[in-house]
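Enquirer:
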Amino acid sequence: MINWDEIIAPAKRENNTKRAFVAVNRLQGKHVPTAPGEALDMFAELAKVLQARYQERLLVIGFAETATAVALAVAQALNCLSMTTTRENLPHVQYFYFSESHSHAVEQKLVREDLERAMGQVERIVIVEDEITTGNTILHLLRLLRQEYGAACPAMTAASLLNGMDEEAMALFTREQVDCVFLHKYTPAVYEKRMEQAVSEGKAWDLRGSSADVPEIHIYEGNLELRRLQDAGEIARQCDGLLAVLERECSFAQGERVLVLGTEEFMYPALWIGRQLQQVGCQVWCHATTRSPIVPSPQEGYPLHSRWCLRSLYDEGRVTYLYNLTRYDSVLLLTDADTESAAGLADLTAALRQTGNERVRIVEWRRL
């Protein structure tokens, strides 16, 4: 049984006039280091609700960046097709563009040819979010798809771990014939009120421009783009392949404290591998770098105490953040970025070294 009062806490967004807070989920494995098994168990609870409700052929679409792992885990549990939105630029594709108005990074993209391929195979699209507050982003996508596909557009469900929609927003979903499924209902105004109070700032380091020597890189020649349309079996097969490479190339001792770190939209394989390491006796935590600028604070009950500002592994001109980093016996970085040319890897390595992490290994999920 999830005690939501213990795992959800508001944190103050930095320089965001549209929305004052982020509802930090301590079990999600995004901002806060989390035991991966607990994160995946929570995602499985959402899948169970959907499984009991629908017998249709489903396409699960996860919203970048924070819900990508949630969506892929739900799709795995439902054994259905999945894809995610992205803010990255994928080669040789066309996109549907739509906006996430309250976010610091407003543009969302969905690969057009993949969605068109799925249209003839599915009866319902399930949009998966970690939290829904207004529902506006989902309605932007829904109206875009209805304009594009008309009567051929499948039914739609909005599924989330948290739901903060008010009665007016819920009524609008009903009028638009969008089902709403969630694990926990909360009231955003309560969190907004808390963020009106002064937040004393915690420790923060800006490591952009670091020149740390990066550790040895282990390459996994994966060819699966998780942002694009995939079936559950192929994702499982490639995660199994990644595990086989790690078992051959790396060793982990029983009881070893291990951090498995993802990068931005690339989170699901970190949680999946982390759970496998838990099952062989390691103490494992997972979280990820993020594009979300959030104020850290030492105040009691506040979820984010420390912050590192870094260049992104995907685009050195983009700012990315890492929160609540601490020391582990070993760190496994899983990314689908090209680290050979990523200046951000030096920044991330500097952050890991600063917190006492000397044993760092890097795995790239991409075709060479």
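Sequence positions in the sequence shown follow the numbering used here and run -8 to 359. We put the CB at the ideal spot given by N, CA and C, even for glycine.
(1) Return the CA-CA distance between T148 and L262, expressed in angstroms with no decimal places.
(2) If we require 3 or more residues per run, which beta strand (DSSP E) segments fall completely within the segment 40 to 65?
(3) Please go through the same chain and pick out, in chain order, the residues whose beta-carbon is closer than 6 angstroms to the beta-carbon of R302, but skip the five residues on each side of it.
(4) In or out: R4 buried (at least 16 other Cβ within 10 Å) or exposed?
(5) Determine the contact status of F54 and Q99, defining contact as a CB-CB distance below 8 angstroms.
(6) Let me make sure I understand the geometry here. Which of L313, W299, Y259, R309 has the alpha-carbon closest to that of A30?
(7) Count the other C-beta atoms from every protein chain shown that fall within 10 angstroms of the C-beta of E225, then say buried if there are 16 or more, exposed otherwise.
(8) Kindly indicate which residue of C230, C241, F164, A66 has the alpha-carbon position closest to the one of N214.
(9) Could you name the residues of the same chain whose beta carbon sits closer than 6 angstroms to that of Y314, not counting the 5 residues immediately before and after it, in chain order?
(10) Which value, in whole angstroms, describes the spacing of the CA atoms of R108 and L72?
(11) Going by other Cβ atoms of all chains shown within 10 Å of its Cβ, with 16 needed for buried, is G27 buried or exposed?
(12) How far does the alpha helix (DSSP H) with D231 in it reach, from first residue to last?
(13) Roughly how many whole angstroms lie between the Cα atoms of P284 and T311?
(14) State the DSSP-derived secondary structure class of Y312, mapped to helix, strand or coil.
(15) What is the rounded straight-line gap between the Cα of G292 and the Cα of I(-1)?
(16) If you follow the alpha helix (DSSP H) that F164 is part of, which residue opens it and which one closes it?
(17) From the DSSP output, in three-state form, read off A(-7) for me.
(18) Within 8 angstroms, do at least three Cβ pairs link the segment 150 to 163 to the segment 188 to 196?
(19) Unbroken beta strand (DSSP E) runs of length 3 or more, entirely within the segment 175 to 201: which are they?
(20) Could you give the first and the last residue of the continuous alpha helix (DSSP H) run that contains M110?
(21) Where R357 and D327 are concerned, what is the direct C-alpha to C-alpha distance, given to the nearest angstrom?
Expert: By the coordinates alone:
(1) As a working note, residue 148 is residue 157 in the sequence shown. As a working note, residue 262 is residue 271 in the sequence shown. Between T148 and L262, the C-alpha separation is close to 25 angstroms.
(2) 49 to 53
(3) Within the sequence shown, residue 302 is the residue found at index 311, counting from 1. Contacts found: R199, A334, G335, D338.
(4) Here residue 4 corresponds to residue number 13 of the sequence shown, with the count starting at 1. R4 should be labelled buried.
(5) The residue given as residue 54 occupies position 63 in the sequence shown. The residue given as residue 99 occupies position 108 in the sequence shown. Yes. Within cutoff.
(6) Here residue 30 refers to the residue found at position 39 of the sequence shown. Nearest option by C-alpha distance: Y259.
(7) As a position in the sequence shown, residue 225 is number 234, starting the count at 1. It is exposed - the Cβ of E225 has fewer than 16 other Cβ atoms within 10 Å.
(8) By 1-based counting over the sequence shown, the position of residue 214 is 223. Comparing Cα-Cα distances from N214 to each of C230, C241, F164, A66, the minimum goes to C230.
(9) Numbered from 1 along the sequence shown, position 323 holds the residue referred to as residue 314. Cβ neighbours of Y314 beyond the five flanking positions: H22, L295, R298.
(10) Position 117 of the sequence shown, counted from the first residue, corresponds to residue 108. Position 81 of the sequence shown, counted from the first residue, corresponds to residue 72. Answer to the nearest angstrom: the Cα atoms are 11 angstroms apart.
(11) Counted from its first residue, the sequence shown places residue 27 at position 36. It is Pro, not Gly, that sits at residue 27 in the sequence shown. When all chains shown are included, P27 counts as buried.
(12) Along the sequence shown, read from residue 1 onward, the residue named residue 231 stands at position 240. Here the alpha helix (DSSP H) through D231 covers 223 to 240.
(13) On the sequence shown, residue 284 is found 293 positions in, with the first residue counted as 1. On the sequence shown, residue 311 is found 320 positions in, with the first residue counted as 1. In a straight line, the C-alpha of P284 is about 8 angstroms away from that of T311.
(14) Counting from 1 along the sequence shown, the entry for residue 312 is found at position 321. Residue state, collapsed to three classes: strand.
(15) Position 301 of the sequence shown holds residue 292. Position 8 of the sequence shown holds residue -1. Distance between the alpha carbons of G292 and I(-1): 10 angstroms.
(16) If you number the sequence shown from 1, residue 164 lands on position 173. 158 to 166 is the span of the alpha helix (DSSP H), which, as asked, contains F164.
(17) Here residue -7 refers to the residue found at position 2 of the sequence shown. The sequence given here places Ile at residue -7; Ala does not occur at that position. If DSSP states are grouped into helix, strand and coil, I(-7) belongs with coil.
(18) no
(19) 194 to 197
(20) As a first step, residue 110 must be located in the sequence shown, where it is residue number 119. Its alpha helix (DSSP H) spans residues 103 to 110.
(21) Position 366 of the sequence shown, counting from 1, holds the residue named residue 357. Position 336 of the sequence shown, counting from 1, holds the residue named residue 327. Taking the straight line joining both Cα atoms gives about 6 angstroms.
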